[in-house]
Every structure is written in C-alpha cells, then in structure tokens.
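K.L.:
Position 227 of the sequence shown, counting from 1, maps to 227 under this note's numbering, and the rest follow consecutively.
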Amino acid sequence: MKALLVVRPDAPAKPGGDLVHAERTATALRELGVAATLVASDAPDPRGYDVAHVFGIFEPATARKQIDALRAHRAPLVLSPIWLDLRALFATAPRLERALAARDAAAVERRLARLRRVETRLPWTGSIARNADRRLDAQRALVNAADVVLPASEVEAYLYGERLRASSVPFVVAPLGVDAEAFTIERAPVRSGVLCAGRIEPKKNQAALLYALHDLDVDVTLIGNAFDARYRALCERWATPRTRFVDHAPRADVLTMMASAAVHAHPSWLESPGLSSLEAAAAGARIVVGDRGCEREYFGPDVDYADPADPASIRAAVLRALERAPRAHGDALERRLAARTWRCTAEATLDAYERAVAAHR
Numbered sequence: 001m002k003a004l005l006v007v008r009p010d011a012p013a014k015p016g017g018d019l020v021h022a023e024r025t026a027t028a029l030r031e032l033g034v035a036a037t038l039v040a041s042d043a044p045d046p047r048g049y050d051v052a053h054v055f056g057i058f059e060p061a062t063a064r065k066q067i068d069a070l071r072a073h074r075a076p077l078v079l080s081p082i083w084l085d086l087r088a089l090f091a092t093a094p095r096l097e098r099a100l101a102a103r104d105a106a107a108v109e110r111r112l113a114r115l116r117r118v119e120t121r122l123p124w125t126g127s128i129a130r131n132a133d134r135r136l137d138a139q140r141a142l143v144n145a146a147d148v149v150l151p152a153s154e155v156e157a158y159l160y161g162e163r164l165r166a167s168s169v170p171f172v173v174a175p176l177g178v179d180a181e182a183f184t185i186e187r188a189p190v191r192s193g194v195l196c197a198g199r200i201e202p203k204k205n206q207a208a209l210l211y212a213l214h215d216l217d218v219d220v221t222l223i224g225n226a227f228d229a230r231y232r233a234l235c236e237r238w239a240t241p242r243t244r245f246v247d248h249a250p251r252a253d254v255l256t257m258m259a260s261a262a263v264h265a266h267p268s269w270l271e272s273p274g275l276s277s278l279e280a281a282a283a284g285a286r287i288v289v290g291d292r293g294c295e296r297e298y299f300g301p302d303v304d305y306a307d308p309a310d311p312a313s314i315r316a317a318v319l320r321a322l323e324r325a326p327r328a329h330g331d332a333l334e335r336r337l338a339a340r341t342w343r344c345t346a347e348a349t350l351d352a353y354e355r356a357v358a359a360h361r
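1) Let me know the secondary structure DSSP gives F245 once reduced to three states.
2) Between A138 and P60, how many whole angstroms is the CB-CB distance? I'm expecting something under 8 Å.
3) R165 to N205, Cα distance in whole Å?
4) Quick check on I185: does DSSP put it in helix, strand or coil?
5) So which of P202, L255, S192 has the shortest CA-CA distance to A283?
6) Please name the residue in A332, D247, H360, A146 whose C-alpha comes closest to that of S167.
7) Drop a sphere of 10 angstroms on the beta-carbon of H264, count the other beta-carbons inside from all chains shown, and report buried for 16 or more, exposed for fewer.
8) Just to confirm the assignment, what range does the alpha helix (DSSP H) spanning C344 have?
9) When you compare each of L5, A13, R30 to C344 by their alpha carbons, which one comes out closest?
10) Can you list, in chain order, the residues of its chain with a C-beta nearer than 6 Å to that of A11? Leave out the 5 residues immediately preceding and following it.
11) Alpha carbon to alpha carbon, what distance is there between A280 and A174?
12) What separation, rounded to the nearest whole angstrom, lies between the Cα atoms of D302 and W238?
13) Is T184 buried or exposed, if buried means 16 or more other CB atoms sit within 10 Å of its CB?
14) Checking 8 Å against the spacing of the C-beta atoms, do V148 and V54 come in under that value?
15) Leaving out five residues on either side along the sequence, give the residues of the same chain with a beta carbon under 7 Å from the beta carbon of L322.
16) Among all the DSSP beta bridges, which residues are the ones paired with G290?
17) Using a Cβ-Cβ cut-off of 6 Å (strictly less than) and excluding sequence neighbours within five positions of L275, which residues of its own chain qualify?
18) Measure the beta-carbon distance from A91 to W269 and round it to whole angstroms, keeping in mind my assumption that it falls under 8 Å.
19) Report yes or no: do three or more beta-carbon pairs, one from the region 294-301 and one from the region 243-258, lie closer than 8 Å?
20) Could you give the DSSP three-state label for I82: helix, strand or coil?
21) Checking 8 Å against the spacing of the C-beta atoms, do A22 and V7 come in under that value?
22) To which residues does DSSP link K2 through a beta bridge?
23) For G198 and S272, I'd like the C-alpha separation in whole angstroms.
24) So which of L86, K2, A309, W83 has the shortest CA-CA distance to Y211?
25) Under the DSSP definition of a beta bridge, which residues are partnered with F55?
26) By how many angstroms is the C-alpha of R64 removed from the C-alpha of D50?
27) Measure the alpha-carbon distance for P250 versus T240 and round it to whole angstroms.
28) Whole angstroms is fine: what's the gap from T120's alpha carbon to I82's?
29) Apart from the five residues on each side of it in sequence, which residues of its chain come closer than 8 Å, Cβ to Cβ, to D42?
30) Pick out whichever of F245, V194, A252 has its Cα sitting closest to the Cα of L319.
31) When we look at the beta-carbon of R286 and count the other beta-carbons within 10 Å, is it buried (16 or more) or exposed?
32) Measuring straight from C-alpha to C-alpha, what distance separates L337 and S313?
33) If you check the beta carbons only, do V289 and P267 fall under 8 Å apart?
34) Might you give, ordered along the chain, the residues of its own chain that have their beta carbon closer than 6 Å to the beta carbon of V220, omitting 5 neighbours on each side?
35) Rounding to the nearest angstrom, what Cα-Cα distance links E109 and A99 in this structure?
36) Would you tell me roughly how many angstroms separate the C-alpha atoms of W132 and E186, rounded to the nearest one?
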C-alpha cells in the first residue's frame with residue numbers, strides 16, 4: 001500500500017507535536033511494509049497513492065484546502081484530527097492571562113480568586129464565542145468529510161460524536177506511541193528541578209506554571225520556541241533568577257534534561273496527551289499534567305494532575321510530585337507507557353487505511 005501523509009505547510013518551520021506524530025507514524029508504517037510519503041502542503045497531490053492521511057484540523061482553513069485537494073482526486077481519506085474541545089481555552093485562558101498581568105502578586109491573587117468564583121458561569125457570548133463557534137462548525141465539516149478518523153484516545157473519539165456530531169464517521173483509536181530511546185536514556189543518579197518541554201504558547205500554559213512556582217526555591221527550565229512575543233513576555237514576568245529559557249535544544253539534549261529533572265510539569269489547557277510528557281515519563285521524571293484533555297487515559301493514577309485555570313492547583317501538584325519518591329525502572333507508569341509503541345499506532349493506522357480503501361471499492 002502507498003500512503004500520502006499530509007501535515008500543515010509551515011510544519012517544518014514551526015515544528016510541533018503534530019509533525020512528530022506524523023513522522024513517527026510514517027516511520028512505523030514503513031516498518032509494516034507501507035510505502036509512506038510525508039509532505040507539508042496545503043495542496044497535496046494524491047495521484048499514485050492508495051490512501052491519503054491528513055494530520056490536524058486545528059487550523060481549519062488549512063485543513064479544508066488539504067482535504068479539498070485530496071477529494072478533487074477522489075482519494076480515500078483518513079484524518080487524524082488531533083482535536084479536543086478548546087472552549088475552556090477560548091473562554092478562560094484570556095482571563096487567566098489578564099490576571100497574571102496584574103501589577104503585583106497581590107493583585108494577581110485577587111483576580112484569580114474572582115476567576116475561580118465565576119469560571120463555571122462565564123458567558124459564552126461575544127466575538128470570542130462567535131469565532132470559536134464558527135471554527136467548531138468548520139472542524140465539524142472536516143471530520144464529517146473523512147472516510148475514517150483516527151482519534152488518539154477514547155476521550156477524543158467520544159468528543160467527535162458529542163461535540164462534532166460525527167457519530168456516523170467510522171473511527172479507529174490509534175494511541176500515540178512513546179519513542180523507545182526515551183526509556184533507555186541514562187538517568188541521572190540525583191534528579192533535580194522542574195522541566196517543561198514544549199512550544200511556549202497560551203495553550204501550553206507556561207505563564208501560569210511560572211507564576212505558580214515563582215516563590216518556590218526550585219530551578220525551572222522551559223524548553224521551546226515562542227512565536228507569540230506577548231505571551232513570552234508574560235512568562236518572563238514571573239521568571240526568577242532560577243528560571244531558564246532554552247529556545248531550542250537537540251533532541252538528545254532534551255532527553256538528557258528529561259532524564260535529569262525531578263519533575264516534568266506541563267499543565268496545559270488540554271492535551272492528547274502531550275508527547276513531551278510521555279517522553280519525560282519514559283525517562284523517569286515525575287509528571288504533572290493538566291486535567292482537561294485525555295491525560296488520565298494515558299497516565300492513570302501514577303502522576304499528579306492540575307487544574308490549568310488555577311495556579312494554586314498547579315503549585316500543589318508540583319509540590320506533590322516533588323515530594324513523591326524517585327521513580328524506579330519498571331514501575332507501573334513505565335510499564336503502562338512501554339505498551340504504547342509507535343508500531344501499535346501504525347497497526348491501528350493501517351487498519352484505518354484498509355477501511356478507507358474498502359469504502360471506495
């Protein structure tokens with residue numbers, strides 16, 4: 001089988017988890033005998049391929065161009081939406097950022113207290129809501145245009161039906177894999193500090209993390225590019241002399257830092273479930289993640305969860321993680337993640353390809 005895997009055109013210049021997802025899937029598919037070609041384009045040409053596979057609907061206009069180009073040639077279409085409901089991000093994150101921008105910590109706390117009181121009653125009105133609803137309508141149409149969809153979790157699959165009203169579209173759950181090298185990296189005999197690896201952006205919530213930890217006696221390292229200067233400045237506002245920003249590091253260095261950190265904290269607004277958290281867990285770090293995506297499905301009871309809207313919750317989760325005993329090789333979390341290989345991802349993906357091709361016969 002020949003498969004064309006398609007990512008957003010700016011993925012090479014602005015790499016993210018979607019590109020890693022596609023690259024690892026392509027490599028594992030080739031090991032299964034699939035001739036997998038990966039392209040970054042908004043006008044992919046599927047001629048000569050048995051099936052086309054698009055990664056990501058988080059930029060609906062780009063995904064629409066990709067899908068229209070593929071449908072023009074009647075290509076069997078598989079879609080990895082990489083989608084979770086972003087209403088909380090649109091409704092609450094801007095208010096959290098405004099709170100963190102208050103003139104001093106006391107003013108921040110007053111605004112946070114007010115946000116905690118009203119968050120569940122925030123009105124879904126105004127331009128933010130209208131734009132988000134239009135975006136959701138566009139994403140709903142994209143998912144319903146696919147022959148088969150590939151959610152990365154059961155939670156994601158449920159949301160396709162509940163929020164995107166795509167219950168009639170066949171799906172195959174293809175959980176994300178964990179790179180084998182993350183399990184075998186040499187672990188530091190003494191681990192220290194808090195690490196957060198990921199692009200610096202509102203969805204990843206690093207500003208709330210830094211505020212939550214700004215008065216703790218702990219080293220904090222953020223690894224990742226920031227394409228939003230305003231948000232980077234908000235993060236820097238709550239940095240301390242013990243905060244380090246690393247815009248980019250070779251993958252080997254990132255894994256070494258994961259194998260040396262006491263805690264990897266990524267209290268994102270939502271993840272499915274966050275490749276950097278998976279790799280840090282495989283490298284032996286204690287883990288803090290958000291609680292609004294599919295993180296619990298992957299990590300179970302062996303990590304600490306935080307409410308991304310509440311820096312006090314983030315702080316408490318990091319403190320719990322720091323107080324946990326160091327993890328041992330072969331613990332329950334490692335065993336759970338070791339079963340999640342990219343080969344398993346590729347096997348589920350190939351199943352979806354075969355279903356999509358069969359639907360066109």
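Cβ coordinates follow ideal geometry from the N, Cα and C atoms, glycine included.
P.N.:
On the basis of the coordinates in this document:
1) strand
2) 4 Å
3) 29 Å
4) coil
5) L255
6) A146
7) buried
8) 342-359
9) R30
10) L19, A40
11) 21 Å
12) 29 Å
13) exposed
14) no
15) A262, V263
16) A306
17) G17, V20
18) Rounded, the Cβ-Cβ distance is 10 Å, inconsistent with contact.
19) no
20) coil
21) yes
22) A35
23) 14 Å
24) A309
25) S80
26) 20 Å
27) 25 Å
28) 25 Å
29) R8, P9, T62, K65, Q66, A69
30) V194
31) buried
32) 25 Å
33) yes
34) V194, L213, T243
35) 8 Å
36) Here residue 132 is Ala; the residue named in the question, Trp, does not match the sequence. Distance between the alpha carbons of A132 and E186 is about 44 Å.
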